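Here's the structure we're looking at; comments come further down.
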Amino acid sequence: MNKQQIIENTIVFVKDTLKNAEGGHDWFHTHRVLKNSQLIAKNEDVDEFVVSLGALLHDIADSKFHNGDETIGPKVAAEFLVNEEVDTGIIEHVVQIINNISYKGGKEARTFSSKELDVIQDADRLDAIGAIGIARTFNYGGFKNNAIYNPDILPELNMSKTEYKKGNGTTVNHFYEKLLLLKDKMNTKTGKQLAEQRHEYMELYLEQFYKEVNGTF
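Our numbering puts the first residue of the sequence shown at 6, with every later residue one more than the last.
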């Protein structure tokens with residue numbers, strides 16, 4: 006089976022698997038990450054086939070929606086790719102990308118490194134910031150029934166991976182606990198450039214948010 010056919014089959018598989026997913030982690034999120042990855046990859050020496058597969062499968066079974074189980078996503082992805090008769094080395098690479106892409110509180114060291122992971126991780130993080138990132142953050146906060154804002158609840162800036170995964174703070178606090186930190190955690194030159202503008206947009210949004218909250222204009 007040729008690579009293009011495998012990509013097309015993967016798209017069909019991901020669309021079907023995520024058809025009932027939470028709005029911030031659905032097919033459209035995956036599609037944006039794929040497009041971001043392809044954009045960044047133009048300026049990087051990477052295997053574009055691995056980048057496409059990794060981007061498409063990176064959230065195939067997000068642990069947040071599977072009781073924190075981080076093994077399901079890699080397992081589902083690997084089983085699919087085996088059925089597609091993808092080379093074992095590529096499957097292992099994609100699995101490592103899925104295992105290492107998520108934020109996890111920002112303090113967990115990656116156990117695997119590759120330029121393909123760098124590209125996809127930047128693409129995924131770009132979708133967590135800017136206008137899309139704001140929309141996704143409030144959508145997930147509503148999904149979790151978290152408060153939008155409470156001045157008595159301060160951001161937790163030193164959470165462990167476990168604390169981060171179990172956190173139920175306010176949605177606005179999530180900007181300080183993750184979103185505003187991502188600009189300085191980008192891996193590639195293109196990713197860093199794209200993150201700058203999205204970061205500035207979030208700062209402007211928060212400035213307006215506090216004006217409205219406090220009634221100061």
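Beta carbons are placed, not taken as given, at the ideal position from N, Cα and C, and that holds for glycine.
Source: prediction; values computed, not measured.
Got a sec, what are the start and stop residues for the alpha helix (DSSP H) residue i sits in?
i, result
"R203", "194-219"
"A114", "Unbroken run through A114: none, as it is neither H nor E."
"P79", "77-88"
"E182", "176-182"
"F143", "135-148"
"E97", "93-105"
"K20", "8-22"
"A128", "120-131"
Quick check: what's the CA-CA separation for residue i versus residue j?
i, j, result
"T116", "K197", "22 Å"
"F222", "F85", "54 Å"
"G110", "N7", "Legend: pLDDT at G110 = 48, less than 50; position of this residue unreliable, no value from coordinates given."
"E208", "F180", "9 Å"
"A82", "Y145", "24 Å"
"N105", "G220", "43 Å"
"V91", "N192", "27 Å"
"V55", "E182", "31 Å"
"V100", "G59", "8 Å"
"F18", "A128", "21 Å"
"S264", "D52", "The structure shown does not extend to residue 264, since the chain is modelled only from 6 to 222, so the question has no answer here."
"I16", "H34", "13 Å"
"G138", "G94", "33 Å"
"Q213", "V38", "28 Å"
"I96", "G29", "26 Å"
"N173", "A46", "35 Å"
"P79", "E201", "31 Å"
Less than 8 Å between the beta carbons of residue i and residue j, yes or no?
i, j, result
"I158", "N178", "yes"
"L184", "A133", "yes"
"H98", "E75", "no"
"N14", "T195", "no"
"L186", "L131", "no"
"N151", "T176", "yes"
"G135", "Y206", "yes"
"E27", "F143", "no"
Which term fits residue i, buried or exposed, when burial requires 16 or more other beta carbons within 10 angstroms of its beta carbon?
i, result
"Q126", "buried"
"N41", "buried"
"K188", "buried"
"A114", "exposed"
"V124", "buried"
"P156", "exposed"
"L23", "buried"
Margin query: Report the start-end ranges of each alpha helix (DSSP H) in the region 37-70 that is 4 residues or longer and not cut off at the edges.
Written below: 53-62
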